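Numbering (numbering that gives the first Met the number 0), first residue to last: 0 to 142.
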Amino acid sequence: MKTHILSVLVENQAGVLARVSSLFSRRGYNIEALSVGPTENAEISRITIAVNVEGHALDQVIQQLDKLVNVIDIIELPASTSHQVELILVRVALNGGESDRKKIDAVLEKFGAYLVEATATSVTIQQTANPADIEKLLGELAP
0 MKTHILSVLV ENQAGVLARV SSLFSRRGYN IEALSVGPTE NAEISRITIA
50 VNVEGHALDQ VIQQLDKLVN VIDIIELPAS TSHQVELILV RVALNGGESD
100 RKKIDAVLEK FGAYLVEATA TSVTIQQTAN PADIEKLLGE LAP
């Protein structure tokens with residue numbers, strides 16, 4: 000299955016997100032990613048949804064979304080012109096002392112990640128990147 004990204008403009012009212020997300024769950028579709036934010040108009044919000052569905056099922060979902068009263072517009076964003084970015088905060092235990100810290104510092108430099116907090120027993124790292132790079136970072140940090 001292919002991941003499709005939908006941009007849905009909705010009225011900025013309580014309960015709209017619940018109605019939109021329940022449409023997917025009722026049909027058994029898993030939402031891979033979900034982001035909600037304001038637009039330049041305070042009365043309108045943008046819901047960005049990444050979902051894995053087949054072509055015909057996607058058409059049905061779009062038609063059903065369009066029937067919801069609070070939905071203003073729906074656009075499928077083409078993968079070729081879309082950028083997916085994830086934010087991760089990960090805490091890593093420092094079991095090996097100084098050698099662990101040197102390994103962590105090398106990983107931070109390699110991926111351009113940031114050290115948010117450091118204690119004697121752990122470090123917290125922040126990274127913003129595409130999903131594939133996030134997975135690579137986590138792989139390097141794994142014990």
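Every residue, glycine too, gets a C-beta built ideally from N, C-alpha and C. Quick caveat, the model's predicted, so the values are computed rather than measured.
Cβ-based burial, residue i [other Cβ within 10 Å; buried from 16]
i, result
"Ala3", "According to the sequence provided, residue 3 is His. The question's Ala does not apply to it. Buried, by the Cβ-count rule."
"Ile133", "buried"
"Val68", "exposed"
"Val9", "buried"
Neighbourhood of residue i by C-beta distance below 8 Å, restricted to the same chain and skipping five residues each side
i, result
"Gln83", "Ile4, Ala32, Ala49, Asn129 and Pro130"
"Leu86", "Gln125, Gln126 and Thr127"
"Ala56", "Arg26 and Tyr28"
C-beta atoms of residue i and residue j nearer than 7 Å
i, j, result
"Ala141", "Ser121", "no"
"Ile124", "Ala112", "yes"
"Leu22", "Gln62", "no"
Beta-carbon separation (whole angstroms), residue i vs residue j, contact threshold 8 Å
i, j, result
"Ser44", "Ile30", "Contact flag wrong, Cβ pair sits at about 16 Å."
"Asp65", "Ile73", "6 Å"
"Val7", "Tyr28", "Not really, about 14 Å apart at Cβ, beyond 8 Å."
"Glu39", "Asn11", "No, Glu39 and Asn11 are not in contact; Cβ-Cβ is about 12 Å, not under 8 Å."
Residue i - containing alpha helix (DSSP H), residue span
i, result
"Gln144", "Any answer about residue 144 is impossible in this case: the structure gives the chain only from 0 up to 142."
"His55", "Gly54 to Lys66"
"Glu97", "Glu97 to Phe110"
"Ser6", "Careful: Ser6 lies outside any alpha helix (DSSP H), inside the beta strand (DSSP E) at Thr2 to Glu10."
"Ser79", "Looking at the DSSP string, Ser79 is not in any alpha helix (DSSP H), and its letter there is neither H nor E."
"Ala17", "Val15 to Arg25"
Bounding residues of the beta strand (DSSP E) (the contiguous stretch that carries residue i)
i, result
"Leu86", "Glu85 to Ala92"
"Ala117", "Tyr113 to Ala117"
"Ala41", "No beta strand (DSSP E) contains Ala41, which DSSP labels as neither H nor E."
The ligand ATP heavy atom lying under 6 Å from the CB of residue i
i, result
"Ile30", "Ligands displayed in this structure: none; no statement on the ligand ATP is therefore possible."
Cβ neighbours of residue i in the same chain (closer than 6 Å, five flanking residues each side left out)
i, result
"Ser81", "Ile4"
"Val15", "Val9 and Asn69"
"Leu136", "Phe110 and Gln126"
"Ser34", "Thr47"
Spatial neighbours of residue i in its chain, beta-carbon cut-off 7 Å, leaving aside the 5 residues before and after
i, result
"Arg100", "Leu93"
"Leu114", "Leu107, Val122 and Ile124"
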